[in-house]
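**Q** Residue numbers (this note's numbering): 881 to 1032. Glycine is no exception: its CB is placed at the ideal position from the N, C-alpha and C atoms. Quick one: the structure is below, and I'll ask about it shortly.
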Amino acid sequence: MQKHTFSLIDEAATVKLGCKIAQYLTPPFTMYLSGELGAGKTTFSRGLIQALGHVGAVKSPTYTIVEPYELANMQVFHFDLYRLLDPEELEYMGIRDYFSKDSICIIEWPDRGYGLLADADINIEINYVNHGRELVMQANSCQGKQLIEKIK
881 MQKHTFSLID EAATVKLGCK IAQYLTPPFT MYLSGELGAG KTTFSRGLIQ
931 ALGHVGAVKS PTYTIVEPYE LANMQVFHFD LYRLLDPEEL EYMGIRDYFS
981 KDSICIIEWP DRGYGLLADA DINIEINYVN HGRELVMQAN SCQGKQLIEK
1031 IK
């Protein structure tokens, strides 16, 4: 599938890329975010969620597992599975109900929910490179491929 790499020199660049991607997102859409602790997954998510129309803070869902955002024409669910001890915990919270026709799901640490998550339209990996970051997007669906084409 299609892949594209972005260089991010600082936090502002990470937020800006999230904002740019938000312009082209339409539900249903599922995005996986991977990378080391502190690499910028939540920073990227903040830019994306606020650009989609959320006014206010975007909290890290590290302790709540999911933060819902009810927007005018969609629902956005921001997951952070870092503290998940067992993927079965997702079954108890009704994980499948979050992946609906009007939702955008952003999932940090998706490997912790292996086997219980909807397939991603796009995988994003954020890595440290020198003093900045590198964000690699890989499309896994036609919708993901179209997104990459629009933001290149």
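#1: Among I1004, G1012, R1013 and E1014, which has the Cα closest to the Cα of Q882?
#2: Give me the residue from L951, F957, P908 and N953 with the minimum Cα distance to K939.
#3: Output the residue ranges of the beta strand (DSSP E) runs that lie fully inside the stretch 946-1011 and measure 3 residues or longer, sorted by chain position.
#4: Using the DSSP secondary-structure output, state which residues sit across from F909 in a beta bridge.
#5: Measuring alpha carbon to alpha carbon, tell me which residue in K981, Q1023 and T923 is nearest M954.
#6: Taking C-alpha atoms, which residue in K1032, Q1018 and H1011 lies nearest to I889?
#7: Would a C-beta distance cut-off of 8 Å place I1031 and K900 closer than the cut-off?
#8: On the DSSP bridge list, what partners appear for F886?
**A** The relevant details are as follows:
#1: I1004
#2: F957
#3: 946-950, 955-960, 983-988 and 1002-1009
#4: I984
#5: K981
#6: H1011
#7: yes
#8: L1015
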